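Worksheet: the structure to be examined is printed underneath.
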Amino acid sequence: ADEQGLGKSIEAISVILAHRATLRRVVIVCPSGLTATWTAEFQEHAPGALHVTVLEGEQPSDVPAHTDVCVVGWSVLHAWEPTLSEWTPDLLIVDEGQLGKARGGPWGSQRGEAAQQLAATVRLHGAGGGVIVMTGTPIDTRPLDGLALLDLLGETYAFGGPWVYRQRYCAPTTVRRRGQRPITTYQGASHTRELHERLDAHPWFVRRTKRLLIRQGLISPKTVNGVDWYDLHTPEQPRSEEHTSELQSPY
Numbered sequence: 207a208d209e210q211g212l213g214k215s216i217e218a219i220s221v222i223l224a225h226r227a228t229l230r231r232v233v234i235v236c237p238s239g240l241t242a243t244w245t246a247e248f249q250e251h252a253p254g255a256l257h258v259t260v261l262e263g264e265q266p267s268d269v270p271a272h273t274d275v276c277v278v279g280w281s282v283l284h285a286w287e288p289t290l291s292e293w294t295p296d297l298l299i300v301d302e303g304q305l306g307k308a309r310g311g312p313w314g315s316q317r318g319e320a321a322q323q324l325a326a327t328v329r330l331h332g333a334g335g336g337v338i339v340m341t342g343t344p345i346d347t348r349p350l351d352g353l354a355l356l357d358l359l360g361e362t363y364a365f366g367g368p369w370v371y372r373q374r375y376c377a378p379t380t381v382r383r384r385g386q387r388p389i390t391t392y393q394g395a396s397h398t399r400e401l402h403e404r405l406d407a408h409p410w411f412v413r414r415t416k417r418l419l420i421r422q423g424l425i426s427p428k429t430v431n432g433v434d435w436y437d438l439h440t441p442e443q444p445r446s447e448e449h450t451s452e453l454q455s456p457y
């Protein structure tokens, strides 16, 4: 969950290269407008090391022979998921993982269901059995969106399962309309400090910010036309137990 611009794609490529012996087949799911960017990243940081194929369109065909890495856009993932699951990847890398909404209910999505199915296949049948979910959007934009990331990783059990997570952290609200059965929505936020602390305690959750790296001396401050590029002087938003109205997802 590193901030944008800190090299998440390079980190992912490094993982593939470091474990090349076991990661023979890799799938990368990303926004459709970034498939060419991912291809360029491989050409720059792993020239000639991997055969990368971009899967396009909604009429899937067999994955070309000798393909090491398949790159597929979110917009066509639902069409390619059966083919990719049959291909049996060893590693799934999900870029902008917050786009894979949580399963079930009105917040679900076709692409989210496809991503969840592919992730489950990789965890069960892939030789590497690994899923890497990347996002520069902090989970605390809305806890419900964080459930999608945990589900992709297969880590919802750490929070008691999806139902317990929604009840504890998504401020369940019962909506009653005349003549209709009551429904429960989970668009808010509750116990957010506890959620932050529990996420920070897990080794599979990593978040680096530019602010943190500058303080650690790992990168230098940067200004453009006299303006602080990293905006270090803007106060960080305080964490609060309840701030439902502030947590609105841009998606």
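Quick note on numbering: my numbering labels position 70 of the sequence shown as 276, and the sequence is numbered without any gaps. Glycine included, C-beta positions come from ideal geometry on N, C-alpha and C. Since this is a predicted model, take the numbers as computed values, not measurements.
For the pair L355 and Y363, the Cα-to-Cα distance works out to about 13 Å.
Counting only runs of 4 or more residues that sit fully inside the stretch 314-395, the alpha helix (DSSP H) segments are 316-331, 349-359, 368-375, in chain order. Contact between A325 and L290 fails: their C-beta atoms lie close to 11 Å from each other, not under 8 Å. By the criterion of a C-beta distance shorter than 6 Å, L229 is surrounded in its chain by I222, D296, L297, G334, once the five residues flanking it on both sides are discounted. Per DSSP, V269 is not a residue of any beta strand (DSSP E), being assigned neither H nor E. One Cα belongs to C276, the other to R231, and the distance between them is close to 8 Å.
When C-alpha distances from S396 are compared across G423, P349, V370, the shortest belongs to P349.
Taking the CA atoms as reference points, A218 sits about 20 Å from T327. Beyond the five residues adjoining it in sequence on each side, V381 comes within less than 8 Å, by CB distance, of P388, I389, T390, T391 in the same chain, given in chain order. When C-alpha distances from Y375 are compared across I216, F248, G239, D351, the shortest belongs to D351.
Of the residues assessed, L330 falls on the exposed side of the cut-off, its CB having fewer than 16 other CB atoms within 10 angstroms. C-alpha of V258 to C-alpha of D274: approximately 6 Å in a straight line. If you draw a straight line from the Cα of Q393 to the Cα of D406, it is about 23 Å long. Here W244 is actually not in contact with S281; their C-beta atoms are around 15 Å apart, not less than 8 Å. Residue environment analysis places W286 among the buried positions, since at least 16 neighbouring C-beta atoms fall within 10 angstroms of its C-beta.
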